[in-house]
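Peer 1:
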Amino acid sequence: MSEKNREGKRTARERLAVEREKQKAAERRRRTLIVAASVVCVLGLAAVIGIVAANSGKDEGSDSAGPVVAPSGANGDDQLAIPVGKADAKSTLTVWEDFRCPACKAFEDAYRSTLHELTGAGQLKIEYHLATIIDGNMGGSGSRTAANAAACAQDAGKFTAYHDVLYENQPPETDDAYAKNDKLIELAKKVDGLDTPAFRTCVEKGTHNSWVAKSAAAFRNGGFSGTPTVILNGKNIYQDQTMTPEKLKKQVQDAAKG
2 MSEKNREGKR TARERLAVER EKQKAAERRR RTLIVAASVV CVLGLAAVIG
52 IVAANSGKDE GSDSAGPVVA PSGANGDDQL AIPVGKADAK STLTVWEDFR
102 CPACKAFEDA YRSTLHELTG AGQLKIEYHL ATIIDGNMGG SGSRTAANAA
152 ACAQDAGKFT AYHDVLYENQ PPETDDAYAK NDKLIELAKK VDGLDTPAFR
202 TCVEKGTHNS WVAKSAAAFR NGGFSGTPTV ILNGKNIYQD QTMTPEKLKK
252 QVQDAAKG
């Protein structure tokens, strides 16, 4: 491996470690806010309930209205997983992601080439689940809108390529650029054959919005600590500080031999 490639992988791992620490800090802040909210509830429960009800209405509203339309090929419970790789692969990687999530981008940047190699070799199947945690934390709708666009790309058989484009062009967490359909359609031009009338209509109509809302609800109800959540053969590996692309590759290849 060239020195340039080694440096690139080292930098990606360093960014991933930084994002892990940011996520831990965010989780600590979230817990603090929960405690504070509990105190507020004691002091003014009725007012808090009113605020929660108002926010709940804005969050679900028209975004989750209409029939649940799963993207083509979705599988798993309630068809909430988008599969990548051979169905009979010995190892399964379950990934919960949010296209606005910086830690998700750091994970993808560090592991992308390894995941492509393993799925291409038929040794790994990935099941992607799309979450909207940043919309809830930061406001906006870019997580949902990008997830819908990714589901539209799945309909066209272009999920993996478009998934990668979304992370490669991810805006800053505070910039809700992915809320704009025009932005998502513009990015589709980076994927051969994706920018079609069918894709544009799917994005603009929010064909899979209710499916995204159902997936987001499954994430909230699943007891996960945040995004990304990365589970290899039933074991959560994202919080494993010793995990590297090379270690993941070895585990998957060893499983394929067995």
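In this text, residue positions in the sequence shown follow the working numbering: the first is 2, and each later residue adds one.
Glycine is no exception: its CB is placed at the ideal position from the N, C-alpha and C atoms.
Since we're looking at a predicted model, the values are computed, not measured.
Could you give the distance in angstroms between the alpha-carbon of T175 and the alpha-carbon of K258?
Peer 2: Here residue 175 refers to the residue found at position 174 when the sequence shown is read from its first residue. Here residue 258 refers to the residue found at position 257 when the sequence shown is read from its first residue. Cα to Cα, T175 sits roughly 44 Å from K258.
Peer 1: So what does DSSP say about Y129, is it helix, strand or coil?
Peer 2: Within the sequence shown, the letter at position 128 stands for residue 129. Note: Y129 maps to strand in three-state DSSP.
Peer 1: For A148, which residues of its own chain have a beta-carbon under 7 Å away from its beta-carbon, when the five flanking residues on both sides are left out?
Peer 2: Position 147 of the sequence shown, counted from the start, is the residue given in the question as residue 148. Closer than 7 Å at Cβ, skipping near neighbours: F100, L131, T133, V213.
Peer 1: So, are the CB atoms of V85 and Y129 less than 8 Å apart?
Peer 2: As a working mapping, residue 85 is identified with position 84 in the sequence shown. As a working mapping, residue 129 is identified with position 128 in the sequence shown. Yes, they are a contact pair.
Peer 1: Assuming L81 and A75 form a contact by the criterion Cβ under 8 Å, report the distance between their Cβ atoms to the nearest whole angstrom.
Peer 2: Here residue 81 is taken as the residue at index 80 of the sequence shown, counted from 1. Here residue 75 is taken as the residue at index 74 of the sequence shown, counted from 1. Going by Cβ atoms, the distance from L81 to A75 rounds to 7 Å, so yes, they are a contact pair.
Peer 1: With distances taken between CB atoms, is the gap from Q155 to K106 smaller than 8 Å?
Peer 2: Reading the sequence shown from its first residue, position 154 is the one you call residue 155. Reading the sequence shown from its first residue, position 105 is the one you call residue 106. The answer is no: Cβ separation not under 8 Å.
Peer 1: Using a Cβ-Cβ cut-off of 7 Å (strictly less than) and excluding sequence neighbours within five positions of K190, which residues of its own chain qualify?
Peer 2: Within the sequence shown, the letter at position 189 stands for residue 190. Around K190: D196.
Peer 1: Is A71 helix, strand or coil when you go by DSSP?
Peer 2: One-based indexing of the sequence shown puts residue 71 at position 70. A71: coil per DSSP, three-state reduction.
Peer 1: If R145 sits next to N222, beta carbons under 8 Å apart, how far is it from one beta carbon to the other, in whole angstroms?
Peer 2: Here residue 145 corresponds to residue number 144 of the sequence shown, with the count starting at 1. Here residue 222 corresponds to residue number 221 of the sequence shown, with the count starting at 1. The Cβ separation is near 17 Å, so there is no contact.
Peer 1: Which one of A152, L185, A256, K250 has the shortest CA to CA distance from S216?
Peer 2: Position 215 of the sequence shown holds residue 216. It is A152 whose Cα lies nearest to the Cα of S216.
Peer 1: When you compare only the Cα positions, how much space is there between N237 and S142?
Peer 2: For the purposes of this step, residue 237 is taken as residue 236 along the sequence shown, with counting starting at 1. For the purposes of this step, residue 142 is taken as residue 141 along the sequence shown, with counting starting at 1. Approximately 28 Å, taken between the alpha carbons.
Peer 1: Quick one: residues in its chain with C-beta nearer than 6 Å to the C-beta of V231, no 5 flanking neighbours on either side, listed in chain order?
Peer 2: What you label residue 231 is simply residue 230 of the sequence shown in a count that begins at 1. Once the five neighbours on either side are set aside, the close Cβ partners of V231 are V96, I238, Y239.
Peer 1: Let me confirm a value: E98 is counted as buried when at least 16 other C-beta atoms fall within 10 Å, else exposed. Which label applies?
Peer 2: For the purposes of this step, residue 98 is identified with residue 97 of the sequence shown, where counting begins at 1. The residue is buried, with at least 16 neighbouring Cβ atoms inside 10 Å.
Peer 1: So what's A107 in DSSP terms, helix, strand or just coil?
Peer 2: Here residue 107 is taken as the residue at index 106 of the sequence shown, counted from 1. A107: helix per DSSP, three-state reduction.
Peer 1: Relative to the C-alpha of T115, which candidate in F225, K248, D241 has its C-alpha closest?
Peer 2: In the sequence shown, counting from the first residue as 1, residue 115 sits at position 114. Residue K248 is the option with its Cα nearest to T115.
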